[in-house]
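Structure record follows, encoded as structure tokens.
Numbering (my numbering), first residue to last: 13 to 281.
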């Protein structure tokens with residue numbers, strides 16, 4: 013676990029790069045930057061834990077804002093990354109970026125990469141079964157983005173008081189690329205609208221729950237749950253008997269797959 017001083021709530025202020033339209037118009041940044049933690053607007057200074065200037069790369073943003081939290085989460089602690097700002101301030105650019113480009117991908121795809129790298133480095137006797145869901149809250153209704161016929165899902169709590177969305181589609185995934193493909197599929201079903209500031213402004217918050225089960229053959233298995241709305245937050249659940257999970261065959265909709273540590277190709281469980 014990191015030093016307690018490194019585990020408090022921190023507020024980072026990120027200024028995204030100008031987009032092509034802004035560059036064409038000749039737009040300029042109003043704030044003035046002082047050091048690594050202060051911006052000045054209209055002569056008034058504003059201080060943050062860290063200010064990320066427009067020339068900060070996506071990798072630097074991840075290393076500064078998320079990497080420590082992800083490491084603690086993989087050690088079993090809760091962590092949340094929350095992106096907040098007005099339309100076109102750079103929330104999607106920061107959290108998603110280009111999902112399939114190494115340089116411009118945002119925090120979420122980098123978290124996914126780190127999780128799978130962590131799995132690949134584990135004991136080869138372990139198995140990981142990973143599945144994801146993808147839904148949005150639009151007009152106070154939960155809508156499954158992987159099955160648009162499910163438009164009014166409800167939230168429940170399991171026996172450990174961990175909330176979940178009942179009836180949402182779950183996809184087994186076995187690589188970062190499959191997670192990105194799932195996000196792409198879900199994004200195509202999201203509610204968006206054109207605004208004066210953003211051509212593809214989302215009209216709803218999106219959530220990407222990621223469930224990861226680990227097991228050592230018939231031994232007990234620990235289940236973890238990850239949620240990526242504006243950012244990730246894990247919660248540790250109780251122990252489950254690994255033998256309850258079928259290690260071969262198909263679920264109702266998808267073949268169950270196992271991620272094998274030390275190997276970057278995956279097969280049916």
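For every residue, glycine included, the Cβ atom is placed at its ideal position computed from N, Cα and C.
Give the straight-line distance between the Cα atoms of residue 200 and residue 23, rounded to the nearest whole angstrom.
So the two alpha carbons sit approximately 31 angstroms from each other.
Taking only beta-carbon positions, decide if residue 196 is within less than 8 angstroms of chain B.
This model lacks chain B altogether; it includes just one protein chain.
Indicate whether residue 51 and residue 63 have their beta-carbon atoms separated by less than 8 angstroms.
Cβ distance < 8 angstroms, so residue 51 and residue 63 count as in contact.
Going by beta carbon distance, what residues of the same chain come within less than 8 angstroms of residue 163, once the five residues before and after it are set aside?
Excluding sequence neighbours, residue 163 sits near 153, 155 and 156.
For residue 98, which residues from the same chain have a beta carbon less than 7 angstroms from its beta carbon, with the 5 sequence-adjacent residues on both sides left out?
If we look at residue 98 and ignore the five residues flanking it on each side, it has no Cβ neighbours.
On a Cα-Cα basis, can you pick out the residue from 30, 125 and 33 that is closest to residue 74?
Among 30, 125 and 33, the Cα nearest to that of residue 74 is on 125.
So, helix, strand or coil for residue 101, using DSSP?
In this structure, residue 101 counts as coil in the three-state DSSP scheme.
Mark residue 117 as exposed unless 16 or more other C-beta atoms lie within 10 angstroms of its C-beta, in which case mark it buried.
Counting Cβ neighbours within 10 Å, residue 117 comes out buried, since at least 16 surround it.
When DSSP labels each residue in this structure, what does residue 59 get in the three-state scheme?
Strand.
Chain-order list of residues whose beta-carbon lies under 6 angstroms from that of residue 86 (same chain, five-residue window excluded)
The residues are 130.
Contact check, residue 284 vs residue 134, beta carbons under 8 angstroms:
Given that the chain is displayed from residue 13 to residue 281, the structure contains no residue 284 and the question cannot be resolved.
For residue 156, the residue or residues it bridges with in DSSP:
Looking at the DSSP output, residue 156 shares a beta bridge with 147.
Out of 25, 123 and 177, point me to the one whose CA is closest to residue 71's CA.
Taking only the C-alpha atoms, the option nearest residue 71 is 123.
CB residue 146 to CB residue 93, shorter than 8 angstroms?
With respect to residue 93, residue 146 sits apart: the two C-beta atoms are not nearer than 8 angstroms.
For the alpha helix (DSSP H) holding residue 23, just list the boundary residues, first then last.
No alpha helix (DSSP H) holds residue 23; DSSP gives it neither H nor E.
Alpha-carbon spacing of residue 65 relative to residue 45, whole angstroms
Going by C-alpha positions, residue 65 is about 8 angstroms away from residue 45.
What three-state label does DSSP hand residue 231 in the structure shown?
Unreliable placement is indicated for residue 231, whose pLDDT of 48 sits below 50; the coordinate value is still reported in the next sentence. When DSSP states are grouped into helix, strand and coil, residue 231 belongs to the coil group.
My guess is that residue 177 and residue 165 are in contact by the Cβ rule of under 8 angstroms, so how many angstroms apart are they, rounded?
Contact holds; Cβ gap of about 5 angstroms.
Quick check on residue 161: does DSSP put it in helix, strand or coil?
In the structure shown, residue 161 adopts coil according to DSSP, grouped into three states.
Is it buried or exposed, residue 59, if we count other Cβ atoms within 10 angstroms and call 16 or more buried?
Classified as exposed, residue 59 has fewer than 16 neighbouring CB atoms from the shown chains inside 10 Å of its CB.
Residue 112 versus 20, 191, 102 and 202, residue with shortest Cα-Cα distance
Just measuring C-alpha positions, the residue of 20, 191, 102 and 202 sitting nearest residue 112 is 191.
If you count every other CB in all the chains shown that lies within 10 Å of the CB of residue 263, and 16 or more means buried, which is it?
In this prediction, residue 263 has a pLDDT of 36, which is less than 50 and means its spatial position is unreliable; what the coordinates show is noted afterwards. Label assigned to residue 263: exposed.
List the endpoints of the continuous alpha helix (DSSP H) containing residue 71.
It spans 70-77 - the alpha helix (DSSP H) in which residue 71 sits, taken as one unbroken run.
Inter-residue spacing [alpha-carbon to alpha-carbon] between residue 82 and residue 188:
Each residue's Cα considered, the two are about 16 angstroms apart.
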